[in-house]
Amino acid sequence: MKKTAYILNALLAAALLTTSDGLYGHIAAADTANENISSVSNAADSATPVLKPLWKAKTNETRLYDKQAPVSNGLVYYAASGKLMAADLATGRVKWSIPGGQYPEVITNNSVFYITGRGYLVRADARNGKVIWKMKGINTISEVGAHAALVRGTLIYFNENGGLAAYNPSNGKKKWENTALPMYAGSVIGQYDGVLIVSSSVDNYQTQFFGLDPASGKKLWRTAGVYSFLAYRNGQLMMRRQPDLSTVTGGVAVPGYLVTLVQLSPRTGKITRTENYSPLHDIRRLGNSHTAIVGPYLYTADGNLDKNEAFLRRYTLGQDSNAKPVSYEQYGKWLAGPENGAAFFSQGTKLIGVKLSNLITVSYGSFPSPVARVQAIGRGVFASLDNGDFYWIEAETGKRFGRIATNAAEIGSAYTVNSILLIQTNAGLIAALPKSLK
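Numbered per mature numbering (1 follows the signal peptide of the UniProt record, and there is no 0), the sequence shown spans residues -25 to -1, 1 to 413.
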């Protein structure tokens, strides 16, 4: 997971604030009158097949939470022992390696792009590992490193020590550079309305967003605040704005809103619209775990920081600030979603899934340990437990296809590629062959 994501999570957790959800008498609970609960008994766990991994590989523990599987042409890519490795997806057998290579920043059908420890941007053939070109990055690289992203056919290289540059991915020729732009804990948001949008941290609390000319890298505008980017929608950058509580002291209540949504013009960086939802008398102890815009709805998971709460609510975009949201608190603590039209919740060691369109509920039963993370992929649900166990489950019925004891302290993203399950962990990469969940 990139440092940016960690910092944004910290901002969200530290900036919004209140007491427990029970104070929100104006928040309506989701109607459960028509729910259809499918349940899995506790005995199901003892009957869950324990599947032996196809193969395992030690890695350097980077990029555990990437959304895209590090796979192309039947090869899986990872970094280990100071090398970039390419292994056969089905067997784990290493096909090629590049000394000094790092985890790929970008993977395409034909190429992998990575950055060396000395800051060089490198393109290698994805099939055989042959280095095609190698170009020096910009500015002195620190131990924090540098990253790259592919945007509209251009490689954007950004150094966390400062600066970013654009390269032609075919030949490595530099198109432009902006060495002065601060990019600590940086991220490339994307190119919208003819403007390249990037962000970085100001002080590990505030985030600054820049609009750049994609042809020259020239800075067009800067906007800073306690913001987190959500989506590009109807020609606007949608962001959640947290109240700046960095100067708040003492026990005096701070009134505010549960959610403040702002729209920024990608051309000017100026706020064009502000929407507030659910006024609260005190926002000092409310933390936010997740915010997402799906269709006409804004979903937000919030709760009391002191109680480690996360309750999911749904607002209709543009609704009156005093209008009631739909609350899913009765289902338990939010874990994930909306994903594939569903959200997932925990009640102790129990896992519950709710279809958001009709509130049909699937109880996935109890587990030996609390569920720490959930992913919904295709027809499958993947659950990572606090004790390091990993389960794959049929989403519709709750049937457990199998589990793996990863023995890892941290389980990251999982992917299914060609019916093979890949699990990223801090202990390494694990491949397994479950029943197809596609």
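Yeah, the Cβ is synthetic: ideal placement off N, Cα and C, and Gly gets one too.
Chain B contact for residue i (CB, 8 Å cutoff)
i: Gln211; result: The structure shown contains no chain B; it is built from a single protein chain.
Beta-bridge pairing of residue i - partner residues as DSSP gives them
i: Gly403; result: Thr400
i: Ser47; result: Leu50
i: Leu139; result: Phe133 and Asn153
i: Thr291; result: Tyr272
i: Lys330; result: Ala317
i: Leu64; result: In the DSSP output, where bridge partners are listed per residue, Leu64 has none listed.
i: Asn251; result: Thr235
i: Ala214; result: Residue 214 is actually Met in this sequence, not Ala. Its beta-bridge partners are Phe204 and Val237.
i: Glu308; result: The question names Glu, yet the displayed sequence has Lys at residue 308. According to DSSP, Lys308 bridges with Ser321.
i: Val346; result: Leu360
i: Ala22; result: According to DSSP, which records beta bridges pairwise, Ala22 is partnered with nothing at all.
i: Arg197; result: Phe185
i: Val81; result: Phe88
i: Asn279; result: Leu261
i: Lys58; result: Ala55 and Pro74
i: Ile246; result: Leu239
i: Ala351; result: Val356
i: Ile116; result: Its beta-bridge partners do not exist; DSSP assigns none.
Endpoints, the beta strand (DSSP E) within which residue i is located
i: His265; result: Leu261 to Val269
i: His122; result: Ala121 to Val126
i: Val392; result: Ile386 to Val392
i: Lys70; result: Val69 to Pro74
i: Lys111; result: Val106 to Lys111
i: Phe365; result: Asp364 to Glu369
i: Leu220; result: No beta strand (DSSP E) holds Leu220; DSSP gives it neither H nor E.
i: Ser174; result: Val170 to Ser176
i: Asp100; result: Tyr95 to Asp100
i: Tyr167; result: Ser162 to Tyr167
i: Arg375; result: Arg375 to Ala380
i: Ser338; result: Thr336 to Ser341
i: Ser86; result: Ser86 to Ile90
i: Lys31; result: Trp30 to Ala32
Nearest-angstrom Cβ-Cβ length linking residue i and residue j, presumed shorter than 8 Å
i: residue 421; j: Ala351; result: For residue 421 there is no data in the structure shown, the boundaries of the chain being -25 and 413.
i: Tyr159; j: Ser176; result: 5 Å
i: Asn362; j: Ser338; result: Contact flag wrong, Cβ pair sits at about 21 Å.
i: Leu404; j: Tyr89; result: About 17 Å separates the two Cβ atoms, so there is no contact after all.
i: Pro189; j: Ser253; result: Rounded, the Cβ-Cβ distance is 38 Å, inconsistent with contact.
i: Val173; j: Ser162; result: 7 Å
i: Ser28; j: Ala406; result: The residue asked about is misnamed: residue 28 is Pro in this sequence, not Ser. Confirmed, Cβ separation roughly 6 Å.
i: Tyr40; j: Leu96; result: Not a contact, Cβ separation roughly 23 Å.
i: Thr381; j: Ile398; result: 7 Å
i: Pro144; j: Arg98; result: 7 Å
i: Leu26; j: Ile379; result: 6 Å
Residue i versus residue j: straight-line alpha-carbon distance, rounded
i: Tyr207; j: Gln166; result: 10 Å
i: Gln238; j: Arg248; result: 5 Å
i: Asp364; j: Pro218; result: 38 Å
i: Glu10; j: Glu36; result: In this prediction, Glu10 scores a pLDDT of 48, lower than 50, which makes its location untrustworthy; no coordinate-derived value is stated.
i: Leu396; j: Lys31; result: 12 Å
i: Tyr132; j: Thr324; result: 43 Å
i: Asn263; j: Arg242; result: 29 Å
i: Thr266; j: Gly278; result: 13 Å
i: Pro409; j: Asn179; result: 41 Å
i: Asn136; j: Asn283; result: 34 Å
i: Ser359; j: Asn146; result: 42 Å
i: Thr336; j: Ile327; result: 7 Å
i: residue 495; j: Lys148; result: One cannot answer for residue 495 here, as it falls past the ends of the chain, which runs -25 to 413.
i: Arg216; j: Gly373; result: 37 Å
i: Ala22; j: Ser302; result: 35 Å
i: Val392; j: Thr91; result: 27 Å
i: Val227; j: Gly186; result: 38 Å
i: Gly307; j: Thr291; result: 22 Å
i: Asn48; j: Asn84; result: 7 Å
i: Ile82; j: Ala55; result: 17 Å
i: Asn134; j: Asn251; result: 36 Å
i: Leu195; j: Glu152; result: 14 Å
i: Glu371; j: Ala65; result: 28 Å
i: Gly104; j: Phe184; result: 36 Å
i: Leu(-9); j: Trp309; result: Low local confidence applies: a pLDDT of 35 at Leu(-9) is under 50, so the model's placement there is unreliable, and no value is given.
i: Leu236; j: Val349; result: 26 Å
i: Asp63; j: Arg102; result: 11 Å
i: Gly210; j: Asp168; result: 7 Å
i: Gly231; j: Ser296; result: 11 Å
i: Ser321; j: Val346; result: 7 Å
i: His1; j: Ala298; result: In this prediction, His1 has a pLDDT of 42, which is less than 50 and means its spatial position is unreliable; nothing more can be read from the coordinates.
i: Lys58; j: Leu212; result: 38 Å
i: Leu255; j: Arg288; result: 15 Å
i: Arg197; j: Ala121; result: 21 Å
Contact between the stretch 109 to 117 and the stretch 63 to 77: three or more CB pairs below 8 Å? no
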